[in-house]
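Below is one structure, written out as structure tokens, with a few remarks after it.
Residue numbers (our numbering), protein chains in the order written: chain A, 89 to 204; chain B, 0 to 117.
Rendered as structure tokens:
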């Protein structure tokens with residue numbers, strides 16, 4: 089099946105620094121990617137929809153200046169957590185939609201962010 | 000807006016037991032419905048899906064039927080295995096609508112932890 093990768097899988101950073109997370113679709117082109125946040129023992133919360141070549145669409149309550157999304161190519165979207173604080177510590181998951189073949193979302197393995 | 004409600008877990012079963020995880024939804028129109036599974040340390044994987052009323056999705060012995068009259072999509076398996084231990088998420092995908100932005104977005108239930116003992 090289709091594969092979506094994320095990098096890094098884990099990152100620990102100091103408060104105030106910025107962290108970039110990459111999401112790649114490995115064997116299909118994804119014009120649309122989604123970024124989710126998952127808190128411990130809770131469900132996934134959609135943060136934003138990333139569209140190739142245009143601005144991301146953020147869900148209500150998500151700060152677009154804090155969570156910068158760039159979708160510069162059909163296989164890569166990045167999420168940058170700017171000026172990270174401990175409350176940003178979470179599990180971030182991306183998904184990529186394969187419109188052409190199966191119209192199914194494929195999920196990355198997630199990135200565990202810990203802000204000290 | 001759209002919402003998904005799953006039965007609360009965790010669910011603990013013995014091997015070969017029957018499994019049901021309830022899922023109900025609220026949505027406008029006719030959404031597509033999904034079950035995703037997340038094994039320990041891994042990302043979400045699509046388990047099965049149904050795109051219209053009365054459709055039955057099935058995979059790996061799991062089944063779920065899209066019931067519009069009861070707005071439900073309950074997950075069932077006749078005989079679970081230890082390897083089925085995971086977190087299961089019910090989800091729906093918004094449908095196109097005039098000026099709508101929900102198409103393609105997934106709304107997830109809270110997840111149900113399943114543990115199967117030998």
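Where a beta carbon is used, it is the ideal one built from N, C-alpha and C, also for glycine.
**Prompt:** From which residue to which residue does the beta strand (DSSP E) around residue 141/B run?
**Reply:** With chain B covering 0 to 117 only, the question about residue 141/B has no answer from this structure.
**Item:** Residues, ordered as in the chain, of the region 68-81 of chain B that lie near chain D by beta-carbon distance below 9 Å
**Value:** You won't find chain D in this structure, because its protein chains are A and B.
**Asked** Between 91/A, 125/A, 97/A, 160/A, which lies nearest to residue 138/A when the distance is taken from Cα to Cα?
**Response** Taking the first residue of the first chain as 1, we reach residue 138/A at position 50. Comparing Cα positions, the closest option is 160/A.
**Request:** Using beta-carbon positions only, say whether residue 111/A and residue 177/A come within less than 8 Å of one another.
**Result:** Taking the first chain and counting its residues from 1, one reaches residue 111/A at position 23. Taking the first chain and counting its residues from 1, one reaches residue 177/A at position 89. No, they are not a contact pair.
**Request:** Kindly list the residues whose CB is nearer than 8 Å to the CB of residue 150/A, restricted to its own chain and excluding five residues on each side of it in sequence; keep chain order.
**Result:** Reading the first chain from its first residue, position 62 is the one you call residue 150/A. If we look at residue 150/A and ignore the five residues flanking it on each side, its Cβ neighbours are 135, 136.
**Message:** Taking only three categories from DSSP, how would you classify residue 203/A?
**Reply:** The residue given as residue 203/A occupies position 115 in the first chain. In the structure shown, residue 203/A sits in a strand (DSSP, three-state: E or B).
**Message:** Using C-beta distances below 6 Å, list every residue in its chain close to residue 21/B, excluding the 5 sequence neighbours before and after it, in chain order.
**Reply:** Locating residue 21/B in the second chain gives position 22, where the first residue counts as 1. The answer, listed in chain order, is 6, 73.
**Request:** Quick one: give me the first and last residue of the beta strand (DSSP E) that residue 185/A is part of.
**Result:** Numbered from its first residue, the first chain carries residue 185/A at position 97. Residues 178-186.
**Prompt:** Using a beta-carbon distance below 8 Å, is residue 132/A in contact with chain B?
**Reply:** Walking along the first chain from the start, residue 132/A turns up at place 44. True, the Cβ-Cβ gap to chain B drops below 8 Å.
**Prompt:** Taking only beta-carbon atoms, is residue 192/A less than 8 Å away from chain B?
**Reply:** If you number the first chain from 1, residue 192/A lands on position 104. Closer than 8 Å: yes.
**Neighbour-count burial assignment, residue 100/A, 16 or more Cβ in a 10 Å radius** = As a first step, residue 100/A must be located in the first chain, where it is residue number 12. Burial call: exposed.
**Prompt:** In or out: residue 49/B buried (at least 16 other Cβ within 10 Å) or exposed?
**Reply:** Along the second chain, one-based indexing puts residue 49/B at 50. Classification of residue 49/B: buried, given that the 10 Å Cβ count is 16 or more.
**Message:** Among the candidates 93/A, 94/A, 141/A, 107/A, whose CA atom is the shortest distance from the CA of residue 172/A?
**Reply:** Working through the first chain from its first residue, we reach residue 172/A at position 84. Closest option to residue 172/A, Cα to Cα, is 107/A.
**Item:** Assigned secondary structure, residue 31/B (DSSP; H/G/I helix, E/B strand, else coil)
**Value:** Position 32 of the second chain, counted from the first residue, corresponds to residue 31/B. Reduced to three states, the DSSP call for residue 31/B is strand.
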